[in-house]
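Undergrad: Got a structure for you, questions after.
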Amino acid sequence: MTSVTALPPTHPHPRSRRLPLLSRQGAFRLHASVLVTLLAASSAPTPLYALYQSAWHFSALTLTVVFSAYALALLAALLTAGTLSDHLGRRPVLAGALLAEATAMALFATAQSVPALIAARILQGLATGVATSAAGAALLDFEDPDRPGRATLVNGITPVAGMAAGVLAATALTQYAPAPTHTVYLLLLLLLTTQAAAVLRTPETAHPHPGARRSLRPTITLAPASRPAMALAAPGIIAAWALGGFYSSLGPSLARLIAPHTTPATGGLIFFTLTAAAGLAGHAARALPARTVTAAGTALLIPGTLLTLSAPQLHSLPALFTGTALAGAGFGTVTQGALRLLLPPAAPQERAATLAAYYVLSYLAMSVPAVLAGLLTTHYGLRTALSPYAATVLLLALTGLTRTLRRPPTT
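So the mapping is simple: the numbering used here equals the position in the sequence shown, first residue as 1, plus 1439.
Given below as structure tokens:
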């Protein structure tokens, strides 16, 4: 009995000849670029928050709620759809998520109120959660067997590289573009739709199988072999991402507190400094042992936090930028070291879920403390809110550093 699914491969559709599938290397680069774009889109609103606040007159608490709506929606996507591409295939899941992300960019470009901004951030978070899981897993699938570890390295570096690129582009457009709250989103919309089309030209690496609906039940699955590494790195991961959430949401406000007459671009440059330092440090540390990298990154968070805490008392933007750079270097090395500890021990079929578990912890650490900081800022002022926030980060960093240095090097 014959079937249309058994057509000989010697008779491809004419369109297939015009659009051949990408090579393994081409697909790897495409998925790396997708991660960069997704994280660029996530950070693009940061330098625009001052413009939104000025136009719509909302509080610091509202600002952190807008910021955290993205992170919490992303968490919901990771908890429910983190392994969806294992069941339905990488291509359809990633292409659909990229088109949803493009729709979020259209909502940003047309937003006229805080509720519209929150709606755009929620859709963006859901799309990013689905897309980052699928793209991160695809990077592992397309990794060159002769270059093991490259996918883990890219998974660690591309997010911070993307955030740096997004905030830098949005900062420049804020300063020079005639319609900054529209232009950056329209450019990202164009890029995302182009990438969605390109994803459909990649080979399918997952083996679709039943269970997609069952996989949507909220769950966190960490590979058993990766659990000791998570216990070791968790305090540093939480400290690093909590700092990232603070700089992303309230960093521009802190810059204005220190220098009230500074330009709006300064606030964007704060977060760019964090993410650029993170990317550079993560890349520089790629050849060092993962445990050493994690410990060094956790240690760097301590002086970075202390300098950031002292900047308002010193009325010093240089102190703020220096502290941000140190914190960024710590962020980048903790992220890269933690992923190198977590992913290699996991079996291939466990890696997507393990990566999703890492992001669940990361985005919880990024969003919940930021909202609490916004609440404290609204009631007591940013200067007062900064102290308990910094103290918590310092405690976590010291705990993580002590744990890393004292535990026998079995990972």
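Glycine residues also receive a C-beta, built at the ideal position from the N, C-alpha and C atoms. Values in this document were obtained by computation on a predicted structure and should not be read as measured data.
Exposed or buried, which one is residue 1700 when buried takes at least 16 other CB atoms within 10 Å?
TA: Within the sequence shown, residue 1700 is the residue found at index 261, counting from 1. The residue in question, residue 1700, is exposed, as its Cβ has fewer than 16 Cβ neighbours within 10 Å.
Undergrad: Along the alpha helix (DSSP H) that carries residue 1467, what are the first and last residues, could you check?
TA: Stepping through the sequence shown from its first residue, residue 1467 is reached at position 28. 1463-1482 is the extent of the alpha helix (DSSP H) around residue 1467.
Undergrad: One question on the structure: do residue 1747 and residue 1759 come within less than 9 Å of each other, judged by their Cβ atoms?
TA: Residue numbering aside, residue 1747 sits at position 308 when the sequence shown is read from its first letter. Residue numbering aside, residue 1759 sits at position 320 when the sequence shown is read from its first letter. The Cβ atoms of residue 1747 and residue 1759 sit closer than 9 Å to each other.
Undergrad: What does the alpha-carbon distance come out to for the pair residue 1575 and residue 1474?
TA: Numbered from its first residue, the sequence shown carries residue 1575 at position 136. Numbered from its first residue, the sequence shown carries residue 1474 at position 35. The alpha-carbon atoms of residue 1575 and residue 1474 are separated by roughly 8 Å.
Undergrad: Which same chain residues end up closer than 7 Å to residue 1543 when comparing Cβ atoms and leaving out the 5 residues on each side of it in sequence?
TA: Walking along the sequence shown from the start, residue 1543 turns up at place 104. Closer than 7 Å at Cβ, skipping near neighbours: 1559, 1562, 1563 and 1566.
Undergrad: Near residue 1446, what residues of its chain come up, given a Cβ to Cβ distance below 8 Å and the 5 sequence neighbours on each side ignored?
TA: The sequence position of residue 1446 within the sequence shown is 7, counting from 1. Bear in mind that the predicted position of residue 1446 carries a pLDDT of just 33, short of 50, making it too unreliable to give a figure here.
Undergrad: State the start and end residues of the unbroken alpha helix (DSSP H) segment that holds residue 1788.
TA: Counting from one through the sequence shown, the residue named residue 1788 turns up at place 349. It is not in any alpha helix (DSSP H) - residue 1788 carries neither H nor E in the DSSP assignment.
Undergrad: Taking only the alpha-carbon atoms, compute the straight-line gap between residue 1545 and residue 1728 and give it to the nearest angstrom.
TA: For the purposes of this step, residue 1545 is identified with residue 106 of the sequence shown, where counting begins at 1. For the purposes of this step, residue 1728 is identified with residue 289 of the sequence shown, where counting begins at 1. Using only the alpha carbons, I get a separation of about 43 Å.
Undergrad: If I follow the unbroken alpha helix (DSSP H) through residue 1540, where does it start and stop?
TA: Numbered from its first residue, the sequence shown carries residue 1540 at position 101. Looking at the DSSP string, the run of the alpha helix (DSSP H) that includes residue 1540 is 1529-1549.
Undergrad: Please confirm if the stretch 1628-1636 is in contact with the stretch 1484-1495, defined as three or more CB-CB distances below 8 Å between the two stretches.
TA: no
Undergrad: Tell me whether the beta-carbon of residue 1814 lies closer than 9 Å to the beta-carbon of residue 1612.
TA: The residue given as residue 1814 occupies position 375 in the sequence shown. The residue given as residue 1612 occupies position 173 in the sequence shown. Taking 9 Å as the Cβ cut-off, residue 1814 and residue 1612 do not qualify as a contacting pair.
Undergrad: Return the residue from the list 1531, 1528 and 1480 that minimises the CA-CA distance to residue 1418.
TA: Given that the chain is displayed from residue 1440 to residue 1850, the structure contains no residue 1418 and the question cannot be resolved.
Undergrad: Looking at the unbroken alpha helix (DSSP H) that takes in residue 1658, where does it start and where does it end?
TA: Start at 1 with the first residue of the sequence shown, and residue 1658 comes out as number 219. In the DSSP assignment, residue 1658 falls outside any alpha helix (DSSP H), carrying neither H nor E.
Undergrad: In three-state DSSP terms, what is residue 1455?
TA: Walking along the sequence shown from the start, residue 1455 turns up at place 16. Here the model assigns residue 1455 a pLDDT of 42, short of 50, so the residue's position is not dependable and the matter cannot be decided.
Undergrad: For residue 1583, which three-state DSSP category applies?
TA: The count along the sequence shown starts at 1 and reaches residue 1583 at position 144. Residue state, collapsed to three classes: coil.
Undergrad: Just reading off the alpha helix (DSSP H) that residue 1621 is part of, what are its end residues?
TA: The count along the sequence shown starts at 1 and reaches residue 1621 at position 182. Where residue 1621 is concerned, the enclosing alpha helix (DSSP H) stretches over 1619-1638.
Undergrad: Would you decide whether residue 1524 is buried or exposed? Buried here means 16 or more other CB atoms lie within 10 Å of its CB.
TA: Numbered from 1 along the sequence shown, position 85 holds the residue referred to as residue 1524. Classification of residue 1524: buried, given that the 10 Å Cβ count is 16 or more.
Undergrad: Just to check my reading of the structure: residue 1772 and residue 1724 have Cβ atoms closer than 8 Å, yes? What is that Cβ distance to the nearest angstrom?
TA: For this step, residue 1772 is matched to residue 333 along the sequence shown. For this step, residue 1724 is matched to residue 285 along the sequence shown. With a Cβ gap of about 5 Å, residue 1772 and residue 1724 count as contacting.
Undergrad: Comparing C-alpha positions only, which one of 1586, 1646, 1822 and 1468 sits nearest to residue 1754?
TA: For the purposes of this step, residue 1754 is identified with residue 315 of the sequence shown, where counting begins at 1. Nearest option by C-alpha distance: 1822.
Undergrad: Output yes or no for whether 9 Å exceeds the beta carbon distance between residue 1782 and residue 1658.
TA: Stepping through the sequence shown from its first residue, residue 1782 is reached at position 343. Stepping through the sequence shown from its first residue, residue 1658 is reached at position 219. For residue 1782 and residue 1658, no; Cβs fall outside 9 Å.
Undergrad: Taking 8 Å as the threshold, find out whether the stretch 1704-1721 comes into contact with the stretch 1761-1768 through three or more Cβ pairs.
TA: yes
Undergrad: Applying the criterion that 16 or more other CB atoms from any shown protein chain within 10 Å of the CB defines a buried residue, is residue 1819 buried or exposed?
TA: By one-based count along the sequence shown, residue 1819 stands at place 380. With fewer than 16 other Cβ atoms within 10 Å, it is exposed.
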